[in-house]
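Q: In my numbering, each residue's number is its place in the sequence shown (first place is 1) plus 17. For every residue, glycine included, the Cβ atom is placed at its ideal position computed from N, Cα and C. What follows is a structure written as structure tokens; I'll ask about it next.
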Amino acid sequence: MQDTLLIELHTEELPPKALARLGQVFAQTLCEELQKLQLVEAGVEWQPFASPRRLAVRIPQVRAQQPEQQIERKGPAVASGLKDGQPTPALLGFARSCGVEWNTLQTMPDGKQEVFVYRSRRDGEPLASLLPDVLQLAVKKLPIPKVMRWGDSDVQFVRPVKSLIALHGSAVLPVSVLALQAGRDTRGHRFLSEGVLTIAHADDYARVLFEQGKVVASTAARKALIERELQQAAERLDAVIGAEPELIDEVTALVEWPKVYVGEFDAGFLKVPQECLMLTMQQNQKYFPLLDRQGKLLPRFLLVSNLETADPSHIIQGNERVLRARLSDAQFFFEQDQKHPLDSRIPRLAEVVYHNKLGSQLQRVSRLQALAAEIAALLGADRALASRAAGLAKADLLSDMVGEFPELQGIMGTYYARLDGEHDEVAAAIEGHYHPRFAGDSLPQGPVALSVALADKLETLVGIYGIGLIPTGDKDPFALRRAALGVLRMLVEAELPLSLPQLLQMTADTFEPGVLAADVVAGVNGFMQDRLKHLLSGEFDPREVEAVLALQPAQLDRVRARLAAVAEFRRLPEAAALAAADKRIRNILKKVSEPLPEVDPARLQEDVERALFDATRALEAPVHAALLQGDYTGGLKQLAGLRAPVDAFFDQVMVMADDLAVRQNRLALLQALAGLMNQVAEIALLAD
């Protein structure tokens, strides 16, 4: 018999940031373990439920009993189990452990030998006897960082557990977990539902909770309901929701019966930068800011309540009162910060330790100023503006607003710099130098901001790496991988004509002698090459990426153009043969230890080698001209004309001739050919 299985743990309020993960793991573990026991077929569509006060799962088509079980046990090898036709003690012991006579055992091949085997069948175990262990395992596997005890019990869980439901169809299964015996009763919303809710059948769970308990049990359904009501409320106000997407997930984990209400605040608070107000609303109060169609903050917000009432005015007014106090704090911080110019905070950075081996934040800022000025010069930007921006970049860390909301670092610096009358490029660079902060984030805008952003990330990379704090496995406490990807994205996507090894050396030179490891530049360069391969492989074929990066291009501004050209080259009918030929050439040249002379046309003996020489020489100028203009595709396509002379050369010419002079001349010809073919990528790596 098959029927729906329902398991529910009814608890006190669960941690909201972990709720979705707890619900998913609980449901998935239960389903997977039941599949292993053949109580559920693979691919069954189970449904998780997770609300602030419950974890549950509904699994359809669960068997009441396992299918008949086939038992197979391997015994000793036939050669060691029988001696002169008589059973050895090993075979007799094995038969005795199986409860049978030795001569009833079967044999089977096992590798190169025959072994005795015991086979039998037994009835499957009932669900009721297997479920307790499955349930214990599901609870044990929950990703709970901290557990707690309650009452006088030794039971431990993330929060106190009130009741347990275990229903197979309409039948209660006699199981227990966390010192609770399973039943069919639960409770609904803490305030909107009264008394015990009885679940008659496992399929009734979500409906009963919704209709009688005022609980939307499904996380997905609750989130969809919140999104829909938020959007409808915003549209009625002709506004746009300005909250981060993660806020909806967090609010979904805080309510069981969501209702959206509109609140207001004093428009006078809009004098404070809107980022501060929005962060206060989202982070402290879990409210949804509203913006007009131009992206300007409105003096209204949306709140998601866990209560439904005919007159929500007391709910709205209470939330408005709490928000008023929060916004007043933000206004106070903003006004206090303006009493001191941004540059007056710079000397105090000497009191802030950056790293005990790398000095204070003030010493770091000094390095950033020197490095940003040098990078700006390479980009043709204003050195003085870049140095000024780097000098002010960390000053807002000592402001009251950033002290309260660290997420506003850079943003507040830009506001304060503008209020202080700093150059607009300087002000923009203070916020921009933190970009890109994550995958897909925008790049800094303008050469000054790019100079400071590169300096900031390069200083972190070289400094932290240079004192031996190299990322290992999944541990990267100083976010060096993120810094490396930020530098690479700027060089590649902004197409900055800068040499990565040169940038790394310039950065290392800003540190005091003896602070960093001697090989730091080479080490960081290798670290970044690995990250570059990872970055580009998400957009281009990994083999093509490997071929281009094998040439270790110092400048990365044209690396995407090179990759696009290689992709186009691979579609040519001649590409595979040329790649195979280049691979053969490289294998031959690997054996050459002495420097080769220039090709001597007089020593070319065969018509086919003279033809290859002429074809190579004829292509040198047009290929060079195409590459000089950045036409990598055109340069590579011209190589197609080499296929016929290359094929003829390898078919008819013995490269390793007995005559030393002839042999070296032919090797020199191959070396010249390889040099011509591998200016965009190492095309040998494209060969199958």
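(1) Specify, as a first and last residue, the run of the beta strand (DSSP E) that V74 falls within.
(2) Using DSSP with H/G/I as helix, E/B as strand and the rest coil, what is V268?
(3) Helix or strand or just coil, what does DSSP make of G116?
(4) Sort A456, N120, E267 and Q622 by Cα distance to G555 and report the nearest one.
(5) Which word fits D20, buried or exposed, when buried means at least 16 other C-beta atoms lie within 10 angstroms of its C-beta?
(6) Please determine, among S516, L47 and I428, the residue with the shortest C-alpha to C-alpha distance to A59.
(7) Where in the region 22-104 do unbroken runs of the alpha helix (DSSP H), each at least 4 residues long, occur, reported from the N-terminal end onward?
(8) Pair every Cβ in the region 599-606 with every Cβ in the region 678-697, then say whether three or more of these pairs are closer than 8 Å.
(9) Can you list, in chain order, the stretches of the alpha helix (DSSP H) that have 4 or more residues and sit fully within the region 271-328?
(10) Could you tell me which of A635, A701 and Q229 sits nearest to A597, measuring between CA atoms?
(11) Judging by CA-CA distance, which residue of R239, Q299, L533 and A94 is the nearest neighbour of A260?
(12) Taking the alpha carbon of Q302 as the point to measure from, which residue in L315, I333 and G312 has its own alpha carbon closest?
(13) List the endpoints of the continuous beta strand (DSSP E) containing L375.
(14) Quickly, what does DSSP pair I258 with across the bridge? List them, please.
(15) With distances taken from CA atoms, which of S322, L344 and V679 is nearest L287?
(16) Hey, is the region 97-111 in contact with the region 154-169, meaning 3+ C-beta pairs nearer than 8 Å?
(17) If you compare alpha carbons, which of D417, A496, G490 and G438 is closest to Y451?
(18) Nearest-angstrom Cα distance between L515 and L478?
(19) Leaving out the 5 sequence neighbours to the left and right, which residues in its chain are closer than 6 Å to F66 when beta-carbon positions are compared?
(20) Should L415 go down as buried or exposed, given a rule of 16 or more other Cβ atoms within 10 Å for buried?
(21) DSSP three-state call for T477: helix, strand or coil?
(22) Would I428 and E448 qualify as a contact pair, given that the criterion is a beta-carbon distance under 7 Å?
(23) According to the neighbour-count rule (16 or more other Cβ atoms, all chains shown, within 10 Å of its Cβ), is T545 buried or exposed?
(24) Assuming G88 contacts R138 under a Cβ cut-off of 8 Å, what Cβ separation, rounded to an integer in Å, is found between them?
(25) When we look at the beta-carbon of L677 and count the other beta-carbons within 10 Å, is it buried (16 or more) or exposed?
(26) Along the chain, where does the alpha helix (DSSP H) containing S330 start, and where does it finish?
(27) Below 7 Å CB to CB, which residues in the same chain sit around S187 once its five sequence neighbours on both sides are set aside?
(28) Do L195 and V213 have their beta-carbon atoms positioned less than 7 Å apart in this structure?
(29) The beta strand (DSSP E) with M418 in it runs from where to where?
(30) Straight-line CA distance for D202 to T297?
(31) Taking a contact to mean a Cβ-Cβ separation below 7 Å, would you say L242 touches I258 in this structure?
(32) Out of A665, L340, F557 and T269, which one is the CA nearest neighbour of D283?
(33) Does V370 pass the burial test, meaning 16 or more other C-beta atoms within 10 Å, or should it be called exposed?
(34) To the nearest angstrom, how far is the alpha carbon of L366 from that of A406?
(35) Should E273 and P69 be called a contact, given that it needs their Cβ atoms to be closer than 7 Å?
(36) If you draw a straight line from the C-alpha of E561 to the C-alpha of A398, how long is it?
A: Result, derived from the coordinates:
(1) It spans R71 to R80 - the beta strand (DSSP E) in which V74 sits, taken as one unbroken run.
(2) V268 carries a helical assignment under DSSP once its states are collapsed to helix, strand and coil.
(3) It is coil, neither helix nor strand.
(4) Of all alpha-carbon atoms in A456, N120, E267 and Q622, the one lying nearest the alpha-carbon of G555 is that of A456.
(5) D20 should be labelled buried.
(6) Checking every option, the nearest Cα to that of A59 belongs to L47.
(7) Whole alpha helix (DSSP H) segments, 4+ residues: 33-53 and 95-98.
(8) Taking one beta carbon from each stretch, the region 599-606 and the region 678-697 have 3 or more pairs nearer than 8 Å; the two touch.
(9) Given a length threshold of 4 residues, each whole run of the alpha helix (DSSP H) inside the region 271-328 is given here in chain order: 291-296.
(10) Ranked by Cα distance from A597, the options A635, A701 and Q229 are led by A701.
(11) Comparing C-alpha distances from A260 to each of R239, Q299, L533 and A94 shows the shortest one belongs to Q299.
(12) Closest in C-alpha terms to Q302, from the list L315, I333 and G312, comes I333.
(13) Element bounds for L375: n/a, residue is neither H nor E.
(14) Beta-bridge pairing links I258 to L307.
(15) The shortest Cα separation from L287 among S322, L344 and V679 belongs to L344.
(16) By the Cβ criterion, the region 97-111 is not in contact with the region 154-169, since fewer than three pairs of Cβ atoms, one from each stretch, lie closer than 8 Å.
(17) When each option's Cα is compared against that of Y451, the closest is A496.
(18) When the Cα atoms are used, L515 and L478 turn out to be separated by approximately 17 Å.
(19) A73, A234 and S235.
(20) Classification of L415: buried, given that the 10 Å Cβ count is 16 or more.
(21) In the three-state scheme derived from DSSP, where H, G and I count as helix and E and B as strand, T477 is classed as helix.
(22) Against a cut-off of 7 Å, the Cβ pair of E448 and I428 comes out as a contact.
(23) Before going on, a small fix: residue 545 reads as Met here, not Thr. So M545 ends up on the buried side.
(24) It should be noted that the sequence gives Ile, not Gly, for residue 88. The C-beta distance from I88 to R138 rounds to 7 Å, short enough to meet the 8 Å contact threshold.
(25) Classified as exposed, L677 has fewer than 16 neighbouring CB atoms from the shown chains inside 10 Å of its CB.
(26) Per DSSP, the continuous alpha helix (DSSP H) segment holding S330 begins and ends at S330 to D354.
(27) Residues A217 and H218 of the same chain have their beta carbon placed closer than 7 Å to that of S187, with the five preceding and five following residues left out of the count.
(28) No, the Cβ-Cβ distance between V213 and L195 is not below 7 Å.
(29) M418: not part of any beta strand (DSSP E); member of the alpha helix (DSSP H) spanning D417 to E421, first to last residue.
(30) When rounded, the distance between both Cα atoms is 41 Å.
(31) Taking the C-beta atoms as reference points, I258 is found no nearer than 7 Å to L242.
(32) Scanning A665, L340, F557 and T269 for the CA closest to the CA of D283 turns up L340.
(33) The residue is exposed, with fewer than 16 neighbouring Cβ atoms inside 10 Å.
(34) Cα atoms of L366 and A406: separation of roughly 15 Å, rounded to the nearest angstrom.
(35) Against a cut-off of 7 Å, the Cβ pair of P69 and E273 comes out as a contact.
(36) The straight-line gap from Cα to Cα measures roughly 34 Å.
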